[in-house]
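Mapping the sequence shown onto this note's numbering, position 408 (from 1) lands on 412, and the numbers just tick up by one. Structure first, then comments.
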Amino acid sequence: MVKTRSSLEAAGLKQRTANISERVKKIVVSPIKEMRILAEKVPGAISFGQGMPYVDTSPEIKEKLVAALKTKDISKYSTSPGLPELRQKLAERVMKKRGLQGILPENILVTVGAMEGLGAAVMTLINPGDEVIVVTPGFSSHIEQILLAGGKPVFVPLIEEKGWALDVDAFKKAITKKTKAILLCNPSNPTGTVYSKEDLQEIEHLVVKHDIILILDEPYDFLLYDNAEFYSPASNPALKNNLIACFSFSKEFAMTGYRIGYVYADSGIINQMMKVHDAFCICAARISQEAALAALSISDEFTKDLVKKLDYNRRLVMKWLDKMPELFEYQVPKGAYYIFPRYKTSNPKLKSMNSFNFCLKLLYEAKVETVPGAAFGPAGENHIRMSFGAKPEELEEGMKRLKKWGDNLIQ
């Protein structure tokens, strides 16, 4: 059995270490992307891996972008923080979505997706040895960003039996003199949890009490099921000096390939983050910024329809998992488009199988791509992450393969 944080290493692929920096040797490519690389070499594999909605970008956005290409000179850089018109509209968007007042373009940084915003935030805040509290299971790339900055991720387990709820008492115990920030994705990737307002307000209190920074990763704030209620600490004006909120166009507007997102924070923090942003990117691609402007001008019907389609997929996947009680148990996701089932190690065939081995075996034997739960921190072991963003017919076929494979495995 291979013990590793890397799907590629688990699959036997070697990496050069000579002349490579120690900081890079400490991190891995996200196993989400690694599994995609491996799956591309498996003919006919069906992906429950990387989180992408199958729906195409709205034709209206495409048409507006084509018009911009014809009528604007968009072959040049924008200023580093982003197009002034876009920053203004994003400031208005944050005020509307979070019920705030007084947000200015100076509070907005346009980034190369939310990922670059998160990376810039971590690089701006973290000194070597600083601690950043993250939940486990939590988004795998958060871990790598913290390690790359020389920080230490401090894992706080979620409460699985309560639907992967926040453990506020564990957060209190995790804070030390070295704690610099808390990094939280809500709704959760990988569990699909929508954290409760009460628990998040407890986290807010800790942030203010200890004068640390709360970094929010909120690309799925629109994607809610079963009448789940979303609350964001970014809506609390008292937190404005202790907050960095990262957003994305990728999920809400089905624009994952455009790589466009934005950050909301105090202008003093934005000005510091701009140093990192400029050093690595100069600016977000001008054409993607124009696409973002187009996205902000369309009605919300596109997003409402997207939520309906993904909810259908969610129910489809749960229906199939309910047919495999001897193989899996799961918590019902209330947001995002992920489900995080636990495979039952009480079965002798599964007892000694870690999540990397489980997912590789599933990929090569059943041609179904998933993501090892251990990629999402210690509490993710013996789980797999499944994205239900694919086309319904692909999900149906993938779940059929999974059930057949599972039935044979545990016989």
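Just so you know, even glycine gets a beta-carbon here, dropped at the ideal spot from N, CA and C.
Check	Outcome
Buried or exposed by the 16-neighbour rule on C-beta atoms within 10 Å, applied to ILE207	buried
Cβ-based burial, VAL375 [other Cβ within 10 Å; buried from 16]	buried
Contact set for ARG40: own chain, Cβ-Cβ below 6 Å, skip 5 residues either direction	GLY53 and GLN54
According to DSSP, residues forming a beta bridge with HIS214	DSSP output for HIS214 lists no bridge partner at all.
Boundaries of the beta strand (DSSP E) in which PHE135 is found, first to last residue	In the sequence under discussion, the amino acid at residue 135 is Glu, which differs from the Phe named in the question. Run containing GLU135: 135-140, per the beta strand (DSSP E) assignment.
Neighbour-count burial assignment, HIS387, 16 or more Cβ in a 10 Å radius	buried
Per-residue DSSP class, three states only, for TYR316	helix
Any beta strand (DSSP E) of 3 or more consecutive residues that is wholly inside the stretch 66-152	112-115 and 135-140
Outcome for ARG20 when other beta-carbon atoms lying within 10 angstroms are tallied against a minimum of 16	exposed
LYS184 - containing beta strand (DSSP E), residue span	183-189
The stretch 113-127 contacting the stretch 246-262, beta-carbon criterion three pairs below 8 Å	yes
Strand pairing of VAL160, partner residues [DSSP]	VAL139
Check whether PHE392 and ASN275 have beta carbons under 9 Å apart	no
Status (buried if at least 16 other CB within 10 Å, exposed otherwise) for LEU220	buried
PRO57 versus ASP304 - alpha carbon distance	16 Å
Runs of beta strand (DSSP E) lying entirely within the stretch 362-402, each at least 3 residues, in chain order	388-391
SER51 (DSSP reduced to helix, strand or coil)	strand
Entirely enclosed alpha helix (DSSP H) segments - the stretch 305-356, minimum 4 residues	305-325
Own chain partners of GLN293 with C-beta closer than 7 Å, once the 5 adjacent residues on each side are dropped	SER82, GLY86, LEU87, LEU90, VAL114 and ILE264
Complete runs of the alpha helix (DSSP H) confined to the stretch 248-310 [at least 4 residues]	271-284 and 290-300
Simplified DSSP assignment, three categories, for ASP203	helix
Rounded distance between the beta-carbons of GLY339 and SER359, thought under 8 Å	Contact flag wrong, Cβ pair sits at about 23 Å.
Through-space distance from MET278 to LEU151, alpha-carbon basis	21 Å
Coarse secondary structure for VAL6, derived from DSSP in three states	Reliability fails at VAL6, whose pLDDT of 41 lies under 50, so the model's placement of it is uncertain and the value that follows must be treated cautiously. Residue state, collapsed to three classes: coil.
Opposing strand residues paired with ALA169 [DSSP bridges]	ILE163
Residue from ASP225, LYS182, LEU310 and LEU17 with nearest C-alpha to TYR199	ASP225
CA-to-CA distance, ILE31 to LEU148, given in whole angstroms	Sequence check: residue 148 is Glu here, not Leu. So the alpha carbons of these two residues sit roughly 5 Å apart.
DSSP three-state assignment for ASP411, whether helix, strand or coil	helix
From LEU187, ILE137, ILE50 and VAL33, residue whose alpha carbon lies closest to that of ASN373	The displayed chain sequence assigns Glu, not Asn, to residue 373. The shortest C-alpha separation from GLU373 is found at ILE50.
Distance CB(GLY167)-CB(THR128) smaller than 9 Å	no
Own chain, CB closer than 6 Å to GLN92, minus 5 neighbours either side, in chain order	PRO109
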